[in-house]
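Enquirer: One structure coming up, written as structure tokens, with questions to follow.
Protein chains in written order, with my numbering: chain A, 22 to 219; chain B, 22 to 219; chain C, 22 to 219.
Okay, here's the thing in structure tokens:
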């Protein structure tokens, strides 16, 4: 689980670094956005649950991964394409892993089913929201896309499993599979949510 | 008090949903902004005071109210007008309720008079600030209007009452009445604060 | 140290108030930005480290200083120039002081060297990030400048001193001197960091 969590951090840090490059930030800005995107969701989760200092500050590997990714994106900036299938598949895996990690931590903190579902979504999408706010864009997750919805469904399934006393490893596997699967399916079919008539 | 707090959440969630519709967000974006606006101020208050996990995550009714409001705003989006007198009066009531709730919690956490006053304002206006930052607008509360000022005056009165050992119910009633009253008066007379010459 | 911390708060509050004036905010907006910039970095630090309620809410002098600065900036808005050498030198001093305060608090909270370095940078630049996000600008610290980098180097030196068991007063003096010195040197020579090719 810890290794998968680092992979999720790695993938999200890439997306942060790439957004920084597109926004013409300098080397430091690229590293900051890599860090903020990679560990931001987990930071919000830990601070909200009172698990301070957050895991991302106590275990140095999270920050090391993000800083190395930031340096790598800076060096390779004109060779990485965020539309690459591999980057987007990796992002979908990160989404599932973080949703499961958020739901698991929320369930042990005594939250109810709706709280668990919300915390799954916040952990999985919080880093991206911070990333977009820092470069003054409406968070991608708020705009037409089947992204956070996948984390909400995955988180809700975790909450159901938790109430049914399903073992942690099984709940985690179900949440990752469903969240990542739904996201990949949405990418493949171009699914989105309806927009209200203003 | 708890029931009134849910009413404040309900009203603020409506304002978040309406801003999301105007920003052309999808169904999920509308729900997210309803949740963020409805519970955001209380979340900041609880996290800052170390009361974690925040009340909005432990008591599911806050999130249920916000999600239902988000769905309702989505369905009725072309029938609700944020300029309606009813919506604006409800918003003024929410402002007073949240200012009192913030001041009360700050006073039991050991903050001094200025801290209590600040926490009243942060609790009452924090959700709206998160809402505006997410859709990349300068927070309405920072621009010319007699809005946060009403919460600061209400919060300062609570701090004075607290030092004079006025009973909690009376301090709460005074804060709600003054904050909501000042806000309604400002709406009625079009009051604002002066702007500096640049 | 406490007195120097208040000086840092004072200087950062000025920068917040001046940005508010440039963004044509009203009196309340000026005070809010003065407060957010003056105490924002310390708030993030304390909340992330679980030191709640934050020092800035428990010790009223921080908020008093910020509010008075906000009022002063409002009154003197057309007489203060943010490009003044004195304002910029004071800002560099605030940067060093806050970096040292963040590193010191992080070291006592059990963070490792990278965590200490990050917390120095977050404490020193967090207030400015909040200030810029509130007026919908890409945070100045993320754009080409040798600003946060100075705090990272100062914070890393503190972490090294901490591991070598250098006395607190000496580590603090080194961090302030190096951070402020690097910042002043960068201002004098117009140093910046490289930007990636998009």
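Beta carbons: idealized from backbone N, C-alpha and C, even for Gly.
So with CB distances below 7 Å, who are the chain C contacts of residue 133(B)?
Expert: If you number the second chain from 1, residue 133(B) lands on position 112. Correct list: 81.
Enquirer: Look at residue 130(A) and residue 28(A) and say whether their C-beta atoms are less than 9 Å apart.
Expert: Within the first chain, the letter at position 109 stands for residue 130(A). Within the first chain, the letter at position 7 stands for residue 28(A). Contact: no.
Enquirer: Smallest Cα separation from residue 66(A): which of 134(A), 31(A), 147(A), 107(A)?
Expert: Position 45 of the first chain holds residue 66(A). Out of 134(A), 31(A), 147(A), 107(A), 147(A) has the C-alpha closest to the C-alpha of residue 66(A).
Enquirer: For the candidate residues 167(A), 49(A), 61(A), 30(A), whose alpha-carbon lies nearest to that of residue 86(A)?
Expert: Numbered from 1 along the first chain, position 65 holds the residue referred to as residue 86(A). Out of 167(A), 49(A), 61(A), 30(A), 30(A) has the C-alpha closest to the C-alpha of residue 86(A).
Enquirer: In terms of residue numbering, what span does the alpha helix (DSSP H) encompassing residue 73(A) cover?
Expert: Counted from its first residue, the first chain places residue 73(A) at position 52. Taken as a continuous stretch (DSSP letters only), residue 73(A) belongs to no alpha helix (DSSP H), as it is neither H nor E.
Enquirer: Taking 9 Å as the threshold (beta carbon to beta carbon), is residue 68(B) in contact with chain A?
Expert: By 1-based counting over the second chain, the position of residue 68(B) is 47. At least one chain A Cβ lies under 9 Å of residue 68(B).
Enquirer: From the beta carbon of residue 78(B), is the nearest beta carbon of chain A less than 9 Å away?
Expert: Locating residue 78(B) in the second chain gives position 57, counting from the first residue. Yes, residue 78(B) lies at the interface with chain A (some Cβ there is under 9 Å from its Cβ).
Enquirer: Taking 9 Å as the CB-CB limit, is residue 160(A) close to chain B?
Expert: For the purposes of this step, residue 160(A) is taken as residue 139 along the first chain, with counting starting at 1. Output row for residue 160(A): interface = yes.
Enquirer: Is it right to say residue 126(C) is buried, meaning 16 or more other beta carbons lie within 10 angstroms of its own, or is it exposed?
Expert: Taking the first residue of the third chain as 1, we reach residue 126(C) at position 105. Under this definition residue 126(C) is a buried residue.
Enquirer: Can you list the alpha helix (DSSP H) stretches of 4 or more residues lying completely in the region 112 to 200 of chain B, in chain order?
Expert: Within the region 112 to 200 of chain B, the complete alpha helix (DSSP H) runs of at least 4 residues are 134 to 155, 169 to 184.
Enquirer: Just mark residue 140(B) as buried or exposed, buried being the case when its beta carbon has 16 or more other beta carbons within 10 Å.
Expert: Within the second chain, numbered from 1, the residue matching residue 140(B) stands at position 119. Looking at its Cβ environment, which holds 16 or more other Cβ atoms inside 10 Å, residue 140(B) is buried.
Enquirer: With a threshold of 6 Å on Cβ separation, who are the neighbours of residue 169(B) within its own chain once the five nearest residues in sequence on each side are excluded?
Expert: Along the second chain, one-based indexing puts residue 169(B) at 148. Counting only Cβ-Cβ distances below 6 Å, and skipping sequence neighbours, we find 142, 146, 162.
Enquirer: For residue 167(C) and residue 211(C), what's the separation of their Cα atoms in angstroms?
Expert: Sequence index remark: in the third chain, residue 167(C) carries index 146 (1-based). Sequence index remark: in the third chain, residue 211(C) carries index 190 (1-based). Going by the C-alpha atoms only, they are around 8 Å apart.
Enquirer: Mapping the DSSP letters down to three states, classify residue 26(A) as helix, strand or coil.
Expert: Translated into positions along the first chain, residue 26(A) becomes position 5. Correct three-state label for residue 26(A): helix.
Enquirer: With three or more C-beta pairs closer than 8 Å as the rule, is the region 41 to 58 of chain B touching the region 192 to 201 of chain A?
Expert: Counting Cβ pairs under 8 Å, fewer than three are found: no touch.
Enquirer: Flag residue 47(A) as yes if its beta-carbon sits less than 9 Å from any beta-carbon of chain C, otherwise no.
Expert: Your numbering for residue 47(A) matches position 26 in the first chain. With 9 Å as the cut-off, residue 47(A) counts as an interface residue toward chain C.
Enquirer: Would a check of beta-carbon distances place residue 166(C) closer than 9 Å to chain A?
Expert: Your numbering for residue 166(C) matches position 145 in the third chain. Output row for residue 166(C): interface = yes.
Enquirer: Quick one: which chain C residues come within Cβ less than 8 Å of residue 139(B)?
Expert: On the second chain, residue 139(B) is found 118 positions in, with the first residue counted as 1. Correct list: 56, 78, 84.
Enquirer: What does a CB cutoff of less than 7 Å around residue 178(B) pick up in its chain, not counting 5 residues either side in sequence?
Expert: Position 157 of the second chain holds residue 178(B). Contacts found: 195, 196, 199.
Enquirer: Any idea if residue 84(A) is buried or exposed, counting beta-carbon neighbours within 10 angstroms, 16 or more meaning buried?
Expert: The residue given as residue 84(A) occupies position 63 in the first chain. With 16 or more other Cβ atoms within 10 Å, it is buried.
Enquirer: What separation, rounded to the nearest whole angstrom, lies between the Cα atoms of residue 117(B) and residue 186(B)?
Expert: Taking the second chain and counting its residues from 1, one reaches residue 117(B) at position 96. Taking the second chain and counting its residues from 1, one reaches residue 186(B) at position 165. Approximately 21 Å between the Cα atoms of the pair.
Enquirer: So, is residue 97(A) buried or exposed, given that buried needs 16 or more other C-beta atoms within 10 angstroms?
Expert: Within the first chain, residue 97(A) is the residue found at index 76, counting from 1. With fewer than 16 Cβ atoms within 10 Å of its Cβ, residue 97(A) is classed as exposed.
Enquirer: Considering residue 85(C), what are the terminal residues of the alpha helix (DSSP H) in which it resides?
Expert: To locate residue 85(C), count along the third chain from 1; it is residue 64. From DSSP, the alpha helix (DSSP H) with residue 85(C) extends over 81 to 97.
Enquirer: Counting only beta-carbon atoms, is residue 203(B) nearer than 9 Å to chain C?
Expert: As a working note, residue 203(B) is residue 182 in the second chain. Answer no: the Cβ-Cβ gap between residue 203(B) and chain C never drops below 9 Å.
Enquirer: Taking the straight line between their C-alpha atoms, what separation do you get for residue 154(A) and residue 188(B)?
Expert: Residue 154(A) sits at position 133 when you count from the first residue of the first chain. Residue 188(B) sits at position 167 when you count from the first residue of the second chain. So the two alpha carbons sit approximately 42 Å from each other.
Enquirer: Kindly say whether residue 71(B), judged by its beta-carbon, lies nearer than 9 Å to any beta-carbon of chain C.
Expert: Against the second chain, residue 71(B) aligns to sequence position 50. Yes, its Cβ sits closer than 9 Å to a Cβ of chain C.
Enquirer: Residues of chain B with a CB under 8 Å from the CB of residue 75(C): which are they?
Expert: Within the third chain, residue 75(C) is the residue found at index 54, counting from 1. The contacting residues are 69.
Enquirer: Between residue 221(B) and chain A, is there a C-beta pair that is closer than 9 Å?
Expert: The structure shown does not extend to residue 221(B), since chain B is modelled only from 22 to 219, so the question has no answer here.
Enquirer: Output yes or no for whether 9 Å exceeds the beta carbon distance between residue 71(A) and residue 119(A).
Expert: Start at 1 with the first residue of the first chain, and residue 71(A) comes out as number 50. Start at 1 with the first residue of the first chain, and residue 119(A) comes out as number 98. No, Cβ-Cβ distance for residue 71(A) and residue 119(A) is not below 9 Å.
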